[in-house]
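Below is one structure, written out as structure tokens; the observations come after it.
Residue numbers (our numbering): 509 to 610.
Now the structure itself:
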């Protein structure tokens, strides 16, 4: 995490935005962050705090997570869009699922 020089404290988490792209009919690529119509955001955890007293962090660095844009603070460092958010405001960890098994 030296690259970004941000180390979250306590139960705060630093997330790099996972920019999903969408193509218009003309072939123009529009990202969700530009489109602005998404309430939820996906991202990869870059750094986590050390948790609260008697409550260790559940999420880990590298997890792909789903969170609400309204509950996060957007920061940009070195041209990279990131969010800082409390762990309790993360809705869940996204894991790949084999739908054939279900």
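Just so you know, even glycine gets a beta-carbon here, dropped at the ideal spot from N, CA and C.
Quick one, which of 520, 597 and 603 has its alpha-carbon nearest residue 554's? 520
Counting contacts by CB-CB distance shorter than 9 Å, is residue 516 in contact with chain B? Absent here is chain B; the protein component of the structure consists of one chain.
Three-state secondary structure (DSSP) of residue 586: coil
Give the list of continuous beta strand (DSSP E) stretches no shorter than 3 residues that lie fully inside the region 546-572. 548-556
Helix, strand or coil at residue 513 according to DSSP, with G and I counted as helix: coil
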